[in-house]
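Below is one structure; the comments refer to it alone.
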Amino acid sequence: MEQGVMLQLCPLSDYLEAQLTERAPVVRWFDLDEAAQAAWLATEAESAKIVVTGGHLGCTKDLIDALPSLGLIAINGVGYDKVDVPHAQARGVAVSTTPGVLTEDVADLAVGLIIGLLRGLPAADRFVRDGRWLEEGFPLKRKVTGRRFGVVGLGHIGRATADRLAAFGPIAYHGRMPKDAPYRYEPDLHALARDSDVLVLACAATEETRGLIDGAVLGALGPEGYLVNVARGSVVDEDALVAALERGTIAGAALDVFADEPVVRAALIASDRTALAPHIASGTAETRKAMADLVLANVDALLAGAPLPTALS
Ligand code: 8YV
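The numbers in the sequence shown follow my numbering, run straight up by one, and end at 295.
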């Protein structure tokens, strides 16, 4: 395929940006304002062969439709909820992701968030920095070992999370169907929430899982229960979550993902029941390098007219 131009929709690692520019001219789409984007499309749209984007951002249907020669949307991530994949594929546009390489990091972060939330690590850090230790002791927090963990979505990330959490306490999981795993399958999400001390979200964001964690599920989790989300913000009804945190109908929540990120609701920021992270689950140098190499493998394959290594089917 003629190399064409690549549209880069969001900032990427220095390594990936440098590698992309070695392959073809790159248009930094996120640096252009709306008028500049429209002007570019009016004259250059035909030249764009590849879109490179993040899992959190995807690519709009409008942009797909505005690029007649587009051959690939290369997502630097595993989530493809922000791309209308059937629509892209119907237009002959392949969509690739970076499966496998970020599983362990996301699972590690889920465990870190659980310990951080139950032991109050964000507040403990502030406590030392603010000099309050000189005046008083840090309040007692909650024990992690012995908790009952419920995992929603036992895909690769859910399984890796469950395997780590098994060192701390009993595991049950919910999903569309039981998996070949040494953990208790719970077909009823409300029952899973009721029987869990910590409910960890690791499912894909789909129409089916949109708002899955609603007031009723949070109510079932109960005033001693904690919610941890390393999946997508859309899986949680954030109004219901804010209400549950404010009323103390759940004990707390640790969140790496948000409905409208990077905008985080003031109520989640203000709550002393939350531990918050800026969507960093795959954010290690090692994993971002491995993700970048998978993006590049797909870009190279498209340019060479070869089969794409990790395209969605
Ligand atoms: C990234 C992600 O933060 O894999 C995903 O779907 O959301 C994350 O790994 C993001 O895609 C980085 O571009």
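By construction, the Cβ of each residue, glycine as well, lies at the ideal position given by its N, Cα and C atoms.
Per DSSP, reduced to three states, the secondary structure at Ala184 is coil, with no helix or strand assignment.
Closer than 7 Å to some heavy atom of the ligand 8YV: that describes the Cβ of Ser264. Relative to the ligand 8YV, the beta carbon of His38 is positioned inside 7 Å of a heavy atom. Counting along the chain, no beta strand (DSSP E) covers Arg73, and no H or E run does either.
With respect to Ala30, Leu(-11) sits close: the two C-beta atoms are nearer than 8 Å. Here DSSP, grouped into helix, strand and coil, assigns Phe240 to coil.
Excluding the 5 residues flanking it on each side, Ala6 has same chain C-beta neighbours closer than 7 Å at Gln(-15), Gly(-14), Val(-13) and Met(-12), in chain order. C-alpha of Leu223 to C-alpha of Asp196: approximately 7 Å in a straight line. The Cβ atoms of Ala248 and Leu99 lie no closer than 8 Å to each other.
Put simply, of His38, Ala198 and Val133 the residue whose alpha carbon is nearest the alpha carbon of Ala89 is Val133. Annotation: His38 is outside any alpha helix (DSSP H) and is labelled neither H nor E by DSSP.
DSSP places Gly197 in no beta strand (DSSP E) but in the uninterrupted alpha helix (DSSP H) bounded by Gly197 to Leu203. Between the ligand 8YV and the CB of His261, the shortest heavy atom gap is smaller than 7 Å. Taking Val239 as the centre and dropping the five residues before and after it, the same chain places the C-beta of Asn211, Arg214, Gly215 and His261 closer than 6 Å to its C-beta, in chain order. Going by DSSP, Val281 is part of the alpha helix (DSSP H) stretching over Ala267 to Ala286. If only complete runs of 4 or more residues are kept, the region 138 to 166 shows the alpha helix (DSSP H) at 138 to 147, in order along the chain. In this structure, the alpha-carbon of Thr127 lies about 43 Å from that of Ile55. Per the coordinates, the alpha-carbon of Gly53 lies some 47 Å from the alpha-carbon of Arg176.
Pairing Asp282 with Val8, the inter-Cα distance amounts to about 14 Å. For Gln1, the uninterrupted alpha helix (DSSP H) run begins and ends at Asp(-4) to Arg5, by DSSP.
The beta carbon of Gly82 sits no closer than 7 Å to any heavy atom of the ligand 8YV.
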